[in-house]
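Here is the structure we will look at, set down as structure tokens.
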Amino acid sequence: MPHVTLQHGPRGIKLYQVGGKSFVLFRTPRPDAVDPETGEPYPDVIMFWVPSEVDKQAMLQDPSLPFFSPSHFDVHPSVRLHASRIGELTRQQLTETVQDAWPAQASNRRRTAWLAGHGLPLT
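Heads up: the sequence shown begins at 114 in this note's numbering, then just goes up one per residue.
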């Protein structure tokens, strides 16, 4: 994806950004993201931005996909994935997730140019 930079945020987390906006980030354990069975913070959460609420709901409601979203992020345009479950996605599914996350955060000019250059519908 064009104009992508890798940044290191608080506590060394990796953030993939376009134009200074994160579209994929690796989260550190947080007290607001815990395993309901053990109460322990999840150590391996990856957050992906999504283009719309419709896309988010489609990803969360598809039982074949391992994405989740804590209830306190209901209105946030993102989904999460445990890194330990990334193997449950095909390479194509992971590619599409990243390719959908990038335009969700890119500027209108960059998004339009990239989508048009790849023969994709301008959304």
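By construction, the Cβ of each residue, glycine as well, lies at the ideal position given by its N, Cα and C atoms.
Everything numeric in this text was worked out from a predicted model, so none of it was measured.
Secondary structure of residue 160 (DSSP, three-state): strand. Where residue 193 is concerned, the enclosing beta strand (DSSP E) starts and stops at 191 to 195.
Taking each of 198, 161, 197 in turn and checking the Cα distance to residue 182, the smallest one comes out for 161.
Burial is judged here by how many other beta carbons sit within 10 angstroms of a residue's own beta carbon; residue 134 has fewer than 16 and is exposed. For residue 140, the uninterrupted beta strand (DSSP E) segment begins and ends at 134 to 140. Going by C-alpha positions, residue 189 is about 23 Å away from residue 114. Beta-bridge pairing by DSSP links residue 181 to 193. Note on geometry: alpha-carbon atoms of residue 204 and residue 211 lie some 11 Å from one another. One alpha carbon belongs to residue 221, the other to residue 164, and they sit about 13 Å apart.
Straight-line spacing of the CA atoms in residue 117 and residue 176 works out to 31 Å.
Counting along the chain, residue 118 sits inside the beta strand (DSSP E) bounded by residues 117 to 121.
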